[in-house]
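Shown next, in structure tokens, is the structure this report addresses.
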Amino acid sequence: MPSIERDPTPFLCIAENPRNHPRPRNSKLHRDAMQKNFPDGWNPPKKLSREAMEGLRELHHLDKEKFSTPVLAEKFRISPEAVRRILKSKWEQPKEKREKLAERDRQHASLTRLKERLKERMEADRLTAERTGQAIGVSSKDRFTFQ
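As numbered in full-length UniProt numbering, residues 1 to 147 make up the sequence shown, in order.
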């Protein structure tokens, strides 16, 4: 039976460039630094909207040198750690959820416009009533009936 020779480093072929993959020591140092800087866990004081996060990612993708982490942190007025986490994150909202939220936003905008029109109409009616001395919606033909 022939013997099968094994490569002594079978997993090195997976990582073409070992610098791209964190070594255990670097990961531990980073984790310790994060625990020191954020003892209660990561909870940024200012949170960005999903649209702002997408814009931040697009700017960085457009020109990584011009829109580096410190520059983006300054422009969006958030910490460099927050920018780093946003750029690292690959999460995207499901399409159905995005559509549902967009529909809700459209309905909210429509309702807001309707409320504004109603408020303007009520104000115009009030000003008319003050000028003419008559109450709007009251007619001399209106009668109270008691039975």
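Quick reminder that beta carbons are idealized off the backbone N, C-alpha and C, glycines included.
All figures in this text were calculated on a predicted structure; none of them were measured in a lab.
Do residue j and residue i have their beta-carbon atoms positioned less than 8 Å apart in this structure?
| i | j | result |
| --- | --- | --- |
| arginine 57 | isoleucine 78 | no |
| leucine 48 | phenylalanine 76 | yes |
| proline 44 | alanine 73 | no |
What's the gap between the Cα of residue i and the Cα of residue j?
| i | j | result |
| --- | --- | --- |
| alanine 129 | arginine 121 | 12 Å |
| alanine 33 | tryptophan 91 | 25 Å |
| glycine 133 | arginine 143 | 20 Å |
| threonine 69 | glutamine 93 | 23 Å |
| serine 89 | leucine 62 | 17 Å |
| histidine 60 | histidine 108 | 32 Å |
| lysine 46 | proline 24 | 31 Å |
| leucine 127 | leucine 118 | 14 Å |
| threonine 112 | aspartate 105 | 10 Å |
| alanine 102 | serine 27 | 39 Å |
| arginine 131 | arginine 98 | 50 Å |
| phenylalanine 38 | arginine 31 | 10 Å |
| methionine 53 | lysine 64 | 15 Å |
| serine 110 | lysine 100 | 15 Å |
| residue 189 | valine 71 | Only positions 1 to 147 of the chain appear in this structure, which leaves residue 189 out of reach. |
| leucine 114 | glutamate 96 | 27 Å |
| aspartate 40 | glutamate 116 | 44 Å |
Within a Cβ cutoff of 8 Å, which residues of the same chain sit near residue i, ignoring the five residues on either side of it in sequence?
| i | result |
| --- | --- |
| tryptophan 42 | Met34, Glu81 and Arg85 |
| arginine 50 | Gln93 |
Cutting at 7 Å between CB atoms, please list the residues of its own chain near residue i, excluding the five before and the five after it.
| i | result |
| --- | --- |
| glutamate 123 | none |
| leucine 29 | none |
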